[in-house]
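First residue of the sequence shown? That's -12 in my numbering, and the numbers climb one at a time after it. Okay, structure first, notes after.
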Amino acid sequence: MEIPSLFPQTRYGMPTADQILPNRNYLIGYSYLFRQPRWSMHIIDGQAEDVSVDREDCFRPDLRIPETFRCSLSDYRGSGYDRGHLVPSADRNSSRLENSETFLMSNMTPQHPDLNRKIWRMLEQEARTIALKENVVEVYSISGPVFDITKPFSKIGEDVVVPHEFFKSMLVEDSKGKIKIYSFLIPNEEIDVEYNTNGTVRVGRYNDFATSVNYIEFRSGLQLWNRLSGPTIEKLKKKVQKI
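The following block contains the structure:
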C-alpha cells in the first residue's frame, strides 16, 4: 500500500500492516493477529520535552479498528505488563490533543516494566538528544514489537500477544544530506543495568543492543526504509551503528 507524501514520516519508506492508522504527526501500522501495533513511525522533535503540556494519561481504545481485533485497557489489567507507548508521550507535546493521541490503545504494546521504564525510556531520551544536535536536520523513527515463531507465545487479556523483543531504528539526516541509521533490538524482559553514582541508569547501556537494519528485518519480517536504494544504503543497512 502506497501512502501519499502528505505523511512526511513515510519519506524513506513504510512497512506493511493490516491497517494503517494516521494520527497527528505519527503513523501506526496495526496487526489484527497480534492485536497491537506492528510498528510506529514518527519524526522526533528534540525540543518536545521542553514544551509545557501536561501528560494526558487518557488511555482509550482506538475505535477505527474493527471491534474483533481491538485491544482495550482491560487486556492489560493485572497482566504484569506495562502499556508501552511505541510513540512516546514525551515526543508529542506541542498540544494537549497531540499528546492525547499517543494514549490510544493502538499505540500500546505489552512491555516488561523493567524494559519500559529503564532501557527503552533512556533510548527514547537519547533519540531526542540526537534530534537537538546542530547539524541534524531530522530524525525519522520506526519502532515495533518482534514475535519469534520459534519460541512459545504468551498472551494477555483477549488474545493480545506478548512480544519477545522490541526494535527501534532511527534514520538521521544531517545538514549535508548524509544519513546515519541507528538500530536496536532489545529483549522484552528484565534487563540487568548499571547505575551511575547519582542512581541513574548508565546511558550507554542500550548500545549493548545495537544491531543492523538487515537483522531487524530478518527478525521482524518487516521492510524498513524501503524507499532508499543503492550500494551506499545497502552498506548502511548492514552496519551496526552505536550512538
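By construction, the Cβ of each residue, glycine as well, lies at the ideal position given by its N, Cα and C atoms.
Using only the alpha-carbon positions, how far apart do residue i and residue j sit?
i        : j      : result
Ser162   : Lys224 : 21 Å
Ile168   : Met157 : 6 Å
Ile(-10) : Pro75  : For Ile(-10), the pLDDT reaches just 48, beneath the cut-off of 50, and the residue's location in the model is therefore unreliable, although a value from the coordinates is still provided. Straight-line Cα distance between these residues: approximately 23 Å.
Leu50    : Thr184 : 46 Å
Arg108   : Leu73  : 11 Å
Lys138   : Ser93  : 25 Å
Arg57    : Val123 : 38 Å
Gly71    : Gly0   : 24 Å
Val227   : Asp5   : 30 Å
Ile15    : Val180 : 30 Å
Tyr63    : Gly164 : 43 Å
Ala77    : Lys222 : 32 Å
Glu85    : Cys45  : 12 Å
How is the alpha helix (DSSP H) around residue i delimited, first residue to last?
i      : result
Asn10  : Asn10 -> not in any alpha helix (DSSP H); beta strand (DSSP E) instead, spanning Gln6 to Asn10.
Asp69  : Premise fails: Asp69 lies in the beta strand (DSSP E), Asp69 to His72, not in any alpha helix (DSSP H).
Tyr63  : Leu60 to Tyr63
Leu223 : Pro218 to Lys225
Would you mind reading off the limits of the beta strand (DSSP E) that contains residue i?
i      : result
Pro97  : Met95 to Gln98
Gly153 : It is worth fixing the name first, because residue 153 is Phe in this sequence and not Gly. Looking at the DSSP string, the run of the beta strand (DSSP E) that includes Phe153 is Glu152 to Asp161.
Gln112 : Note, Gln112: premise wrong, no beta strand (DSSP E); alpha helix (DSSP H) at Trp107 to Ala118.
Lys167 : Ile166 to Pro174
Arg22  : Taken as a continuous stretch (DSSP letters only), Arg22 belongs to no beta strand (DSSP E), as it is neither H nor E.
On the premise that residue j lies in contact with residue i, defined as a C-beta separation below 8 Å, what is that separation, rounded to the nearest angstrom?
i      : j      : result
Val149 : Pro218 : That belief does not hold up - the Cβ atoms of Val149 and Pro218 are roughly 39 Å apart, past 8 Å.
Val147 : Arg22  : 5 Å
Val200 : Ser170 : 5 Å
Ile220 : Leu211 : With a Cβ gap of about 11 Å, Ile220 and Leu211 do not count as contacting.
What residues match up with residue i in a beta bridge as DSSP calls it?
i      : result
Glu125 : Glu160
Ala197 : Phe171
Stretch-stretch touch, CB-based, cutoff 8 Å, three pairs: the segment 15 to 35 with the segment 115 to 134: In this structure the segment 15 to 35 touches the segment 115 to 134; the number of beta carbon pairs closer than 8 Å is three or more.
Cβ pair count under 8 Å reaching 3, the segment 100 to 114 against the segment 140 to 147: no
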